[in-house]
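Engineer: Numbering (our numbering), first residue to last: 1281 to 1559.
We put the beta carbon where it would ideally sit given N, CA and C, even for glycine.
Next up is a structure, given as structure tokens.
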Amino acid sequence: MDIGYVLGSLIMMTVLGLSVGNFATSLTYRLPRGLKIANDPPYCDTCHTYLETRDMFPFVSWLINRAKCRFCGAPVPALYAFVELGCAVWFNATWFTLWPHAVDAYLVTLAHGVFVITLLSLHIAEKRLFPIVLILIAGLGAIYRVLFDASVLGFLISAYLALMVGVAGWLLSSAVKRQRQPFPAVAILLAVAGLCVGKDSLPMLVGGSAVLALPIWLISQFQPSLRGSTGVIAVGLTLMTLMLFPSLGRTLSSECAQVECVSGKGCQRLMIANCHGPR
Ligand SMILES: [Zn+2]
């Protein structure tokens, strides 16, 4: 790859990712409070001073102002900076993985990840899932599945199976605690994630989320704001990984398939005949 292309792409994707991440943070603040999403310039939550241009550079302003409002000194949550950084990483990851050989998959995966990051950030801030963001994720996931499976049935089956895993976990936890628990957000997200990754990737989705939950739980011991969101973060991050690298999900699956992307034609799944047979 040409070094100029790599550097140019890196800068462009980082700037775009940070800007979109900035929009995701304003959703995190405004959606739960029923505030207008657009048409209102950014302001400090505490002193309500409208921000100046130098305060509005995503992530960079947060670093320069040392995580504080420059006018009143109120702390600016690290969550906002991490959401902006997360979007920048996601923009780069999807660009270098999928562009330009799989434009369809690139656009869907890019938007999908941004909504997953927004959903996670809202859950960390408010400890609940927001249906509107969840519906956007499910809708994009369905488009992604139709793109890969060329069938509508695929995502219906995988959503159902993933929901059943979540219901089983819910019944188990209710039985262990000897009283009925509220239906957990993590089970709802698992069903939507199952819809997005397809049934072949379900074992990796469930297994990967369980493994990832442990380090996130450890971090949450030092970062109390993450408590109550560890399961949701684990499922969300596993979902993003499997959307970007679909072949990862099939390493645990019994089916032999690989995704092949052809320039101008998009992606398709290819079944490999006799791959379990004697060689
Ligand atoms: Zn302020």
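Using the beta-carbon count (16 or more within 10 Å), is residue 1332 buried or exposed?
Structural biologist: On the sequence shown, residue 1332 is found 52 positions in, with the first residue counted as 1. With fewer than 16 other Cβ atoms within 10 Å, it is exposed.
Engineer: Could you tell me the distance, in whole angstroms, from the CA atom of residue 1359 to the CA atom of residue 1402?
Structural biologist: Locating residue 1359 in the sequence shown gives position 79, where the first residue counts as 1. Locating residue 1402 in the sequence shown gives position 122, where the first residue counts as 1. Going from the Cα of residue 1359 to the Cα of residue 1402 covers about 10 Å.
Engineer: Mind checking which residues open and close the alpha helix (DSSP H) that includes residue 1364?
Structural biologist: Sequence index remark: in the sequence shown, residue 1364 carries index 84 (1-based). Run containing residue 1364: 1358-1378, per the alpha helix (DSSP H) assignment.
Engineer: Taking the alpha helix (DSSP H) that residue 1333 belongs to, which residues open and close that run?
Structural biologist: By one-based count along the sequence shown, residue 1333 stands at place 53. Note, residue 1333: premise wrong, no alpha helix (DSSP H); not H, not E.
Engineer: By DSSP's criteria, residue 1355 is part of a beta bridge. Which residues make up the other side?
Structural biologist: If you number the sequence shown from 1, residue 1355 lands on position 75. Per DSSP, 1348.
Engineer: Can you determine whether any heavy atom of ligand 1 sits closer than 7 Å to the C-beta of residue 1354, and answer yes or no?
Structural biologist: Here residue 1354 refers to the residue found at position 74 of the sequence shown. Yes, the beta carbon of residue 1354 sits closer than 7 Å to at least one heavy atom of ligand 1.
Engineer: For residue 1281, is the classification buried or exposed, using 16 other Cβ atoms within 10 angstroms of its Cβ as the cut-off for buried?
Structural biologist: Stepping through the sequence shown from its first residue, residue 1281 is reached at position 1. Exposed, by the Cβ-count rule.
Engineer: Between residue 1356 and chain D, is any beta-carbon pair separated by less than 8 Å?
Structural biologist: The question asks about chain D, but that chain is absent: this structure has only one protein chain.
Engineer: Counting beta carbon pairs with one atom in the segment 1383-1392 and one in the segment 1333-1352, are three or more of them shorter than 8 Å?
Structural biologist: Judged by Cβ distances under 8 Å, the segment 1333-1352 makes no contact with the segment 1383-1392, as fewer than three pairs qualify.
Engineer: Do residue 1368 and residue 1301 come within 8 Å of each other at the CB atom, strictly closer than that value?
Structural biologist: Here residue 1301 refers to the residue found at position 21 when the sequence shown is read from its first residue. Here residue 1368 refers to the residue found at position 88 when the sequence shown is read from its first residue. Against a cut-off of 8 Å, the Cβ pair of residue 1368 and residue 1301 comes out as a contact.
Engineer: Answer with buried or exposed for residue 1347, where buried requires no fewer than 16 other C-beta atoms within 10 angstroms of its C-beta.
Structural biologist: Mapped onto the sequence shown, residue 1347 falls at position 67. Flag for residue 1347 reads exposed.
Engineer: Is residue 1469 closer than 8 Å to residue 1409 when the C-beta atoms are compared?
Structural biologist: Residue 1409 sits at position 129 when you count from the first residue of the sequence shown. Residue 1469 sits at position 189 when you count from the first residue of the sequence shown. Cβ atoms of residue 1409 and residue 1469: closer than 8 Å.
Engineer: State the Cα-Cα distance for the pair residue 1393 and residue 1326, rounded to the nearest angstrom.
Structural biologist: Counting from one through the sequence shown, the residue named residue 1393 turns up at place 113. Counting from one through the sequence shown, the residue named residue 1326 turns up at place 46. Going by the C-alpha atoms only, they are around 30 Å apart.
Engineer: Residue 1486 to residue 1522, Cα distance in whole Å?
Structural biologist: If you number the sequence shown from 1, residue 1486 lands on position 206. If you number the sequence shown from 1, residue 1522 lands on position 242. For residue 1486 and residue 1522, the distance between alpha carbons rounds to 11 Å.
Engineer: Which residues does DSSP pair with residue 1323 in a beta bridge?
Structural biologist: The residue given as residue 1323 occupies position 43 in the sequence shown. The partner list for residue 1323 (beta bridge, DSSP) reads 1330.
Engineer: What is the rounded straight-line gap between the Cα of residue 1488 and the Cα of residue 1520?
Structural biologist: Here residue 1488 refers to the residue found at position 208 when the sequence shown is read from its first residue. Here residue 1520 refers to the residue found at position 240 when the sequence shown is read from its first residue. Between residue 1488 and residue 1520, the C-alpha separation is close to 11 Å.
Engineer: Could you tell me the distance, in whole angstroms, from the CA atom of residue 1527 to the CA atom of residue 1518?
Structural biologist: Position 247 of the sequence shown holds residue 1527. Position 238 of the sequence shown holds residue 1518. Straight-line Cα distance between these residues: approximately 13 Å.
Engineer: With distances taken from CA atoms, which of 1375, 1500 and 1418 is nearest residue 1290?
Structural biologist: Along the sequence shown, read from residue 1 onward, the residue named residue 1290 stands at position 10. It is 1375.
Engineer: So, are the CB atoms of residue 1399 and residue 1511 less than 8 Å apart?
Structural biologist: Numbered from 1 along the sequence shown, position 119 holds the residue referred to as residue 1399. Numbered from 1 along the sequence shown, position 231 holds the residue referred to as residue 1511. Their beta carbons are not under 8 Å apart, which means residue 1399 does not touch residue 1511 by this criterion.
Engineer: Measuring only from the beta carbon, is residue 1410 closer than 7 Å to any heavy atom that is part of ligand 1?
Structural biologist: Here residue 1410 refers to the residue found at position 130 of the sequence shown. No - ligand 1 has no heavy atom lying nearer than 7 Å to the Cβ of residue 1410.
Engineer: Whole-angstrom Cβ separation of residue 1379 and residue 1361, contact assumed at under 8 Å?
Structural biologist: Your numbering for residue 1379 matches position 99 in the sequence shown. Your numbering for residue 1361 matches position 81 in the sequence shown. Not a contact, Cβ separation roughly 26 Å.
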